[in-house]
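**Student:** The sequence shown: position 126 = 125 (numbering that gives the first Met the number 0), numbered continuously.
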Amino acid sequence: MSAVNAAITTAFDYFFAPFAANPWLGMVVISFVTGFVLLFIFRFTSNQRGIRATKDRIMAHLLEVLLYKDELGLVLRAQGRIFANNFRYLGYALVPLACMIIPVAVLLVQTELRYGHRPLRVGEEAIVAVKVRSNATSLDELSLSAPNGIEVETAALRMPAAKEVDWRIRAAAPGNHSLRISVGGEKFTKQVVVGEGSSRISLQRVGAGDWEQLLHPGEIPLPKDGAVVLIKVSYPGASLPILGTQVHWVWAWLILSMAFGFAFKGPLRVQV
Numbered sequence: 000m001s002a003v004n005a006a007i008t009t010a011f012d013y014f015f016a017p018f019a020a021n022p023w024l025g026m027v028v029i030s031f032v033t034g035f036v037l038l039f040i041f042r043f044t045s046n047q048r049g050i051r052a053t054k055d056r057i058m059a060h061l062l063e064v065l066l067y068k069d070e071l072g073l074v075l076r077a078q079g080r081i082f083a084n085n086f087r088y089l090g091y092a093l094v095p096l097a098c099m100i101i102p103v104a105v106l107l108v109q110t111e112l113r114y115g116h117r118p119l120r121v122g123e124e125a126i127v128a129v130k131v132r133s134n135a136t137s138l139d140e141l142s143l144s145a146p147n148g149i150e151v152e153t154a155a156l157r158m159p160a161a162k163e164v165d166w167r168i169r170a171a172a173p174g175n176h177s178l179r180i181s182v183g184g185e186k187f188t189k190q191v192v193v194g195e196g197s198s199r200i201s202l203q204r205v206g207a208g209d210w211e212q213l214l215h216p217g218e219i220p221l222p223k224d225g226a227v228v229l230i231k232v233s234y235p236g237a238s239l240p241i242l243g244t245q246v247h248w249v250w251a252w253l254i255l256s257m258a259f260g261f262a263f264k265g266p267l268r269v270q271v
């Protein structure tokens with residue numbers, strides 16, 4: 000799984016690289032690709048003839064309700080058929096939706112890596128949290144060291160009940176820095192990005208579980224049997240500026256990808 004994650008992350012690095020200075024342009028392009036690809040998947044995995052026929056039946060029964068609104072029996076029967084055809088329509092959508100789950104999940108996770116959080120600015124503070132296994136050695140053995148571009152401002156805050164140790168750090172110089180964590184003779188690292196603009200931000204370095212790797216692919220997973228199971232840096236959240244306000248990237252992606260999808264629906268002759 001780690002090799003697959005690394006390959007996917009590298010591919011997305013190349014995709015997003017031209018848009019580092021203009022996040023909105025990157026969002027428009029990824030939304031364009033999303034709308035087109037998902038519509039393409041829907042076109043070739045759904046029963047287009049069945050969807051078209053079901054939509055026609057729903058429309059016919061709606062007209063029946065309008066035309067015979069004074070006939071209670073006919074109206075109730077038409078409404079029942081509308082209800083049944085809506086379920087039939089949803090059934091036709093299940094297969095394409097199942098086919099979309101994995102590509103959409105990968106897309107969302109990879110986009111979150113680049114748009115969900117921003118690098119630390121010089122002078123900003125963050126919390127570094129390290130969690131160890133429940134059967135690990137004493138938290139007193141856990142230590143943190145930082146390179147010249149990062150200052151460790153506080154002593155370790157140990158929380159035995161949570162098996163966690165926290166420190167507060169301060170960004171001192173731009174760059175991609177590597178924190179070093181030591182415990183019981185084992186050594187672990189965690190990337191910290193300092194700078195302006197947007198960048199790939201790995202919020203957490205997680206263990207080797209497949210599900211954890213899927214959700215946090217920004218760095219190679221921690222050793223499977225290592226004492227440390229999680230290293231997290233509290234980066235500031237990121238947003239996209241628009242008309243004097245800020246919007247989370249998910250809303251921009253959702254609206255734009257739907258708009259592009261509906262724009263392609265006619266030329267690709269897709270029944271949705």
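All C-beta atoms, glycine included, are put in the ideal place defined by N, C-alpha and C.
Would the beta-carbon of P118 fall within 8 Å of that of T44?
**Tutor:** Their beta carbons are not under 8 Å apart, which means P118 does not touch T44 by this criterion.
**Student:** Determine the direct distance from the alpha carbon of A160 to that of L248, and round the result to whole angstroms.
**Tutor:** For the sequence presented, residue 248 should be read as Trp rather than Leu. The alpha-carbon atoms of W248 and A160 are separated by roughly 36 Å.
**Student:** Could you give the residue range of the alpha helix (DSSP H) that holds Q203?
**Tutor:** Element bounds for Q203: not the alpha helix (DSSP H) but the beta strand (DSSP E), 203-205.
**Student:** Quick check on this structure: which residue in I230, G194, L112, L178 has the alpha carbon closest to the alpha carbon of K162?
**Tutor:** Each of I230, G194, L112, L178 was checked against the Cα of K162, and the nearest Cα belongs to I230.
**Student:** Roughly how many angstroms lie between the CA atoms of L178 and A258, to the nearest whole one?
**Tutor:** 43 Å
**Student:** To the nearest angstrom, report how far apart A77 and V64 are at their CA atoms.
**Tutor:** Going by the C-alpha atoms only, they are around 6 Å apart.
**Student:** Using CA coordinates, which residue listed in L141, F187, L107 is at the minimum distance from D224?
**Tutor:** With distances taken between Cα atoms, D224 lies closest to F187.
**Student:** Flag this pair as yes or no: are the beta carbons of P216 and V129 separated by less than 8 Å?
**Tutor:** no
**Student:** Considering only the alpha carbon of each residue, which of H116, K68, N46 lies closest to V90?
**Tutor:** The sequence given here has Gly at residue 90, not Val. Of the candidates H116, K68, N46, the one whose C-alpha sits nearest the C-alpha of G90 is N46.
**Student:** List the residues that DSSP assigns as beta-bridge partners of A125.
**Tutor:** I168
**Student:** Please report the residue range of the beta strand (DSSP E) in which L239 lies.
**Tutor:** 239-241
**Student:** Look up L229 in the DSSP assignment and give the residues it is bridged to.
**Tutor:** K130, V205
**Student:** Report buried or exposed for N84, applying the criterion of at least 16 other Cβ atoms within 10 angstroms of its Cβ.
**Tutor:** buried
**Student:** If you draw a straight line from the alpha carbon of G25 to that of E185, how long is it in whole angstroms?
**Tutor:** 40 Å
**Student:** Reducing DSSP to helix, strand and coil, say where I254 ends up.
**Tutor:** helix
**Student:** Note down the Cα distance separating L143 from V28, rounded to an integer number of angstroms.
**Tutor:** Straight-line Cα distance between these residues: approximately 40 Å.
**Student:** Decide if L112 is buried, meaning its Cβ has at least 16 other Cβ atoms within 10 Å, or exposed.
**Tutor:** buried
**Student:** Mapping DSSP to helix, strand and coil, what is H60?
**Tutor:** helix
**Student:** Which residues does DSSP pair with E70 in a beta bridge?
**Tutor:** The partner list for E70 (beta bridge, DSSP) is empty, contrary to what the question assumes.
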